[in-house]
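Numbering (the UniProt record's numbering), first residue to last: 1 to 199.
To keep things clear, I will list the structure first and then write my remarks on it.
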C-alpha cells in the first residue's frame, strides 16, 4: 500500500530537508498543498527538495510548476477544478462520498477519499463513513487500489486501512504534529519507518 504525505499548509523549518529524508525513507508521493502561499514560496520549497524525488511530487496549485520542475503530477481542487489542456502526468482529486468515488475514480490515477476517520489536523472534521459502510464499499469494489484513504490516518488505524483494500493512505496531521524543528527529524523518520512496515 502506498504512503502519501500532504505538506502542512504552512511552511515549516527545514521543510525541504525533512521531505528529502522522508523520500529516502521510502515515501511514495508528496502532495504539495500550500493554499495561502505565493508561487515564489512554493518554488523555493521545490528547489530545496532533491531533484531525483521531484517525479514523486504532486502539486495542488501553480500547475505551471509541474513542467518547470518535472514534477509527477497535479491535484485538482475547488480552486483548480480542471487540468490544463494536453496535460500529461499523474492526476488526482479529492472525493467526499462513496458515490463521488464511484463516479469519478476512472478519470484519475487515484482519488483521495476523506474523511475516513476523524481528522487529526482539522478540529471537528469528523469521519464521513461507518465501518460497515467501508466494509460494504470494499466488498462491492468501490474501494480498491486507486482509492487512497485520507483523514485521521495514523499508526493506530493504518493496518485497518490496508485490510479494507485501499491502495494507499495519505497522512498530514500524524506526520506534521510530530515535527516542529530539525531536532524532531530523527523521531519523525523513525515513526515514518514504522508506518512503512505496516503499509
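Built from N, CA and C at the ideal position, the CB exists for glycine as well.
Predicted model only: the values in this text are computed from it and were never measured.
Output the residue ranges of the beta strand (DSSP E) runs that lie fully inside the stretch 90-141 and measure 3 residues or longer, sorted by chain position. 90-95, 110-113
Between the stretch 18-33 and the stretch 50-59, can you find at least three pairs of beta-carbon atoms closer than 8 Å? yes
Is residue 170 helix, strand or coil by DSSP? strand
Taking the DSSP output, what are the residues bridged to residue 29? 4
Taking the alpha helix (DSSP H) that residue 40 falls in, what are its first and last residues? 39-48
Tell me which residue opens and which closes the alpha helix (DSSP H) that residue 198 is part of. 185-198
Proximity to residue 168 [Cα-Cα], best of 116, 187, 133: 116
Measuring only the C-alpha atoms, how far is residue 62 from residue 183? 31 Å
How big is the Cα-Cα spacing for residue 106 and residue 151? 22 Å
Please name the residue in 195, 45, 114 whose C-alpha comes closest to that of residue 93. 114
Who pairs with residue 150 in a beta bridge, going by DSSP? 170
Per DSSP, the bridge partner or partners of residue 75: 92
Between the beta-carbon of residue 5 and the beta-carbon of residue 30, is there less than 8 Å? yes
How would you call residue 39, buried or exposed, if buried means at least 16 neighbouring beta carbons within 10 angstroms? exposed
For the stretch 121-135 and the stretch 74-91, state whether three or more C-beta atom pairs, one from each stretch, are separated by less than 8 Å. no
If you follow the alpha helix (DSSP H) that residue 59 is part of, which residue opens it and which one closes it? Run containing residue 59: none in the alpha helix (DSSP H); it sits in the beta strand (DSSP E), 57-59.
Classify residue 68: buried if its beta carbon has 16 or more other beta carbons within 10 angstroms, exposed otherwise. exposed
Would the beta-carbon of residue 16 fall within 8 Å of that of residue 49? yes
Return the first residue and the last residue of the alpha helix (DSSP H) that residue 162 is part of. 158-163
Beta-carbon within less than 6 Å of residue 172's beta-carbon, same chain only, minus the 5 sequence neighbours each way: which residues are those? 6, 121
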